[in-house]
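Q: Dropping the structure in here first, questions after.
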Amino acid sequence: MKGFQINAVWGVWSVVMMLVVAAIELFAPQGMGPVHPPSAFTLLLFPLVLAAIFFIMSRAAAPK
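Read in the working numbering, the sequence shown has 17 at position 17, and its numbers run on one by one without any break.
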């Protein structure tokens, strides 16, 4: 049995990019002004886009 090959999945650049995203999520809101609630159209847009993505991916994964 071989040992764990963590580097096969998590390379150096994967870890660097994860830290960059975490830093952006931590420090970006400090430079933002006040935010407003989203409009009704935006609230409806997110579930529709997610449903379309789910439908397309489920069709692509279905056996032929």
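Glycine included, every Cβ here is placed at the ideal spot set by N, Cα and C. Being a predicted model, the structure only gives us computed values, none of them experimental.
#1: Could you compute how far the alpha carbon of S39 sits from the alpha carbon of V49?
#2: When the Cα atoms are used, what is the spatial distance from K64 to S58?
#3: For V16, name the three-state secondary structure that DSSP assigns.
#4: Between which two residues does the alpha helix (DSSP H) containing V35 stretch?
A: Answer, in terms of the structure:
#1: Within the sequence shown, the letter at position 39 stands for residue 39. Within the sequence shown, the letter at position 49 stands for residue 49. Near 16 Å, if we compare the C-alpha coordinates of V49 and S39.
#2: Here residue 64 refers to the residue found at position 64 of the sequence shown. Here residue 58 refers to the residue found at position 58 of the sequence shown. Cα to Cα, K64 sits roughly 12 Å from S58.
#3: Locating residue 16 in the sequence shown gives position 16, counting from the first residue. Helix.
#4: Looking up residue 35 in the sequence shown gives position 35. Element bounds for V35: n/a, residue is neither H nor E.
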